[in-house]
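Keeping their order, the protein sequence lines are chains A and B. If you use numbering that gives the first Met the number 0, the first sequence corresponds to residues 0 to 115, in order. If you use numbering that gives the first Met the number 0, the second sequence corresponds to residues 0 to 115, in order.
Number of protein chains: 2
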Amino acid sequence: MAVQNLLPVIDVVACCAPLTRETLSAEQAEDLARSLKALADPARLRLISMVAASKDSEACVCDLTEPLGLSQPTVSHHLKVLTDAGYLTRSQRGTWAYYRLVPGALDSISRLLVNA
Amino acid sequence: MAVQNLLPVIDVVACCAPLTRETLSAEQAEDLARSLKALADPARLRLISMVAASKDSEACVCDLTEPLGLSQPTVSHHLKVLTDAGYLTRSQRGTWAYYRLVPGALDSISRLLVNA
DNA sequence: ACGCTATATCGACGTCTGTCAATGCATGAG
DNA sequence: CTCATGCATTGACAGACGTCGATATAGCGT
Chain A
0 MAVQNLLPVI DVVACCAPLT RETLSAEQAE DLARSLKALA DPARLRLISM
50 VAASKDSEAC VCDLTEPLGL SQPTVSHHLK VLTDAGYLTR SQRGTWAYYR
100 LVPGALDSIS RLLVNA
Chain B
0 MAVQNLLPVI DVVACCAPLT RETLSAEQAE DLARSLKALA DPARLRLISM
50 VAASKDSEAC VCDLTEPLGL SQPTVSHHLK VLTDAGYLTR SQRGTWAYYR
100 LVPGALDSIS RLLVNA
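Shown next, in the form of structure tokens:
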């Protein structure tokens, strides 16, 4: 149930029918819960929305730390959680690490929650 | 950041633009995170899908305890979290407590996660 | 009134989580 | 090579969470 040891969102989504279409197995529920847990934190939600709003849809840690009001290690930690969960990608250029949204990741999770 | 002290999902949704449309304020992020946290647990996800799949779309605690494999107090606890968060409603008939999905609750949360 | 049944609440426990300061590790500049 | 910079990792700590057994509450049948 820890937020670690998770499949990328996309894979979780591939395996599961929408939440209200058929009853989830224990494993499906664990996978989906892990993906949602990665999202269910105010700092991480703001990070996602800040990355999405950034120029060229990417941002480095240095751009995110100050507006978020958290320490640099904490921001790095949250970015790692989001990356491991499959919501963000990381690409290093020089000393900077740039994070971008994974296209479709949020849509996939979102589709799992609705009936249609 | 606790899962308690939350607005019903519907209210959270009413206040916020989709996650990737504009950057979330600290308060918006906290509200949305609380709603997602209520969902981000394997037992609670299964409860929702079990309620949705039940005859007449409702279920009492006694129907849910055994298939979930958790103790009755734990199931009651999870149902309370989901109800407080605005995903379920509770209606008592005799000694039984019946839980139903709140129409539109999952759709609302889901809509917040996508760009459109 | 009594006991039975279905839920809710309480108290306690171990585990997980978010946070930071300190440290480590690359990379680029000089 | 050395130093400064941007980021990741580690270790520690407080608070939150999921779980259960025990207990309380409430409604029904007899």
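Think of the CB as a built atom: it goes at the ideal place given N, C-alpha and C, for glycine as much as any other residue.
query	result
Verify the CB distance criterion: does A:S90 have a CB-CB separation below 7 Å to chain B?	no
Checking the sheet assignment: what are the DSSP bridge partners for B:Q91?	B:A96
Please say whether B:A32 and A:L44 have beta carbons closer to each other than 7 Å?	yes
Under the DSSP definition of a beta bridge, which residues are partnered with B:A58?	B:Y98
Comparing alpha-carbon positions, which option in B:P17, B:A104, B:A42, B:L18 lies nearest A:L23?	B:A42
Helix, strand or coil for A:S34, going by three-state DSSP, please let me know.	helix
Identify, in the order they occur along the chain, each residue of the same chain with its Cβ nearer than 6 Å to the Cβ of A:E57, setting aside the five sequence neighbours on each side.	Y97, R99
Please name the residues in the stretch 53 to 66 of chain B whose beta-carbon is closer than 7 Å to at least one beta-carbon of chain A, in chain order.	none
Smallest Cα separation from B:P102: which of B:W95, B:V113, B:G93, B:T88?	B:T88
Here's the rule I'm using: 16 or more other beta-carbon atoms within 10 Å means buried, otherwise exposed. How should A:E21 be labelled?	exposed
DSSP state of B:P17, grouped into three classes?	coil
Find the nearest neighbour of A:L63 within the set A:L46, A:E26, A:D106, judged by alpha-carbon distance.	A:L46
Rounded to whole angstroms, how far is the Cβ of B:S90 from the Cβ of A:L112, which I believe are closer than 8 Å?	The pair is not a contact, with the Cβ atoms about 24 Å apart (cut-off 8 Å).
Spatial neighbours of B:L69 within its chain, please: CB distance less than 7 Å, with the 5 preceding and 5 following residues excluded, ordered by chain position.	A42
Thinking just about the alpha-carbon of each residue, which of A:M49, A:L81, A:D83 is nearest to the one in A:L67?	A:M49
With a threshold of 16 other CB atoms inside 10 Å of the CB of A:Q27, please say whether the residue is buried or exposed.	buried
Going by alpha carbons, who is nearest to A:C59 out of A:A39, A:V80, A:T19, A:R92?	A:R92
Determine whether the beta carbon atoms of A:A84 and B:T19 lie at a separation below 7 Å.	no
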